[in-house]
Structure formats: structure tokens, C-alpha cells
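Working notes, beginning with the structure itself.
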Amino acid sequence: MPLGLEPDFLYPLENVTIAQGRDAMFTCVVNNLGGYRVSGDSATARVAWIKADTKAILAIHEHVITNNARLSVTHNDYNTWTLNIRGVKREDRGQYMCQVNTDPMKMQTAFLEVVIPPDIIYEETSGDMMVPEGGSAKLVCKARGYPPPKIVWRREDGGDIISRGGPQGKTKVIEELTQYFIN
1 MPLGLEPDFL YPLENVTIAQ GRDAMFTCVV NNLGGYRVSG DSATARVAWI
51 KADTKAILAI HEHVITNNAR LSVTHNDYNT WTLNIRGVKR EDRGQYMCQV
101 NTDPMKMQTA FLEVVIPPDI IYEETSGDMM VPEGGSAKLV CKARGYPPPK
151 IVWRREDGGD IISRGGPQGK TKVIEELTQY FIN
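Residues in the sequence shown are numbered consecutively from 1, following the UniProt record's numbering.
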């Protein structure tokens, strides 16, 4: 490999969507890195991983800089660097950058989307209730998740929910909380 040949990315960094608690990885493939010298210096170019939205340096080459035991970097001794994030948490969501310290610097970014499965918050949700015919009922369902879950009301027997206000009743949605009023 000739000295001074500029490093370049072989593939674009790909966005990752993963469920909370699973392991995520970004793979950065850089050609011509070994022979490149930084600004005439004797130091070779290095690959760095950065969380772009917070500007936090995560790793340089294979050495993790940040104090996060869930992060690691693997290198195949040729041209592939992989940032591994174990047990992804919601706060890991954001833009990640693979950067090469050339002059000028080269980089590519990808987004980590963390999906949190929907979960009903039973302590804040209505339970079974009996209402006399013609009476009113207030049904509350609260759920969490990311993206925010869509709550749909159905009868157990599959029949229509009927109210005096129309076949749909009145629905009030406040972020992850849905209240259904039947008059």
C-alpha cells in the first residue's frame, strides 16, 4: 500500500433501531488507514467513535475513553472497527460518528433509535366496573413506551362501544394517557 494514500470509507454507517436492553453495534469500514500519516507527522491516522449529539468521545482506535462498561470497540486488524453497545438504554439514543483524524477530518454518522415496547401502567388504569344502564363511566388507560403507544378501546365481545354522544363516545388523549368517557 503506498504511503500517503488517503483513507476513505468503504460503506456508509447505517442507522440502527433496536429494543431497549438488546445489544447494538455500528460498523465502520475504512480503507487505506495504515499507511496514511497525519499532516506529515509520523503518527498514523486513527479511527474515533463519538456520540455526536453530546460531542462525547467514546473511543479512539480500540481504546474506550468514556467510563461506560457497556461500550467496547472491536477491530479486525484490517479495515473494520465496530462500536458495540451492550444492554442499550433510552439515553443511548442519538447520533453516533465514526471519525478519522485526517487533515481535513473525515467522518460519517448514523442514528441509534431505542424502541421501548409498550407497557400498560396498571396502577393508573381503570379496572373492571359495573354501570347501570344509562349511567356514565370513565375508563382510563395509561401506558408507556417509545415511540408513545397508541391506545385503542375495544369491547371484549367485539361489539360496538355505544354512547349517547355517538358510536365512538368522547376520547381525550394526553400523551401516553387515554381517557374514554361514555355517557
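No residue lacks a Cβ here, since even glycine has one placed at the ideal position from N, Cα and C.
For the set 102, 108, 139, 26, the Cα lying nearest the Cα of residue 46 is the one of 102. Of the residues 25, 128, 80, 145, the one whose Cα lies closest to the Cα of residue 138 is 128.
Around the C-beta of residue 122, fewer than 16 other C-beta atoms lie within 10 Å, and the residue is accordingly described as exposed. Nearest Cα to residue 110 within the set 17, 100, 104, 7: 17.
Residue environment analysis places residue 58 among the buried positions, since at least 16 neighbouring C-beta atoms fall within 10 angstroms of its C-beta.
When DSSP states are grouped into helix, strand and coil, residue 122 belongs to the helix group.
By the beta-carbon neighbour count (other beta carbons within 10 angstroms, threshold 16), residue 117 is exposed. In the same chain as residue 60, and ignoring 5 residues on each side of it, the C-beta atoms closer than 6 Å to its own belong to 46, 48, in chain order.
For the set 82, 34, 25, the Cα lying nearest the Cα of residue 5 is the one of 34. Between the alpha carbons of residue 98 and residue 119 lies a distance of about 34 Å.
Going by DSSP, residue 29 is part of the beta strand (DSSP E) stretching over 24 to 31. Approximately 7 Å separates the beta-carbon atoms of residue 82 and residue 26; this is inside 8 Å, confirming the contact. Taking C-beta separations shorter than 6 Å and ignoring five residues to either side along the sequence, the partners of residue 19 in its chain run 115, following chain order. For the pair residue 7 and residue 91, the Cα-to-Cα distance works out to about 32 Å. Inter-residue distance for residue 51 and residue 94 is about 7 Å (C-alpha atoms, whole angstroms).
For residue 139, the uninterrupted beta strand (DSSP E) segment begins and ends at 137 to 146.
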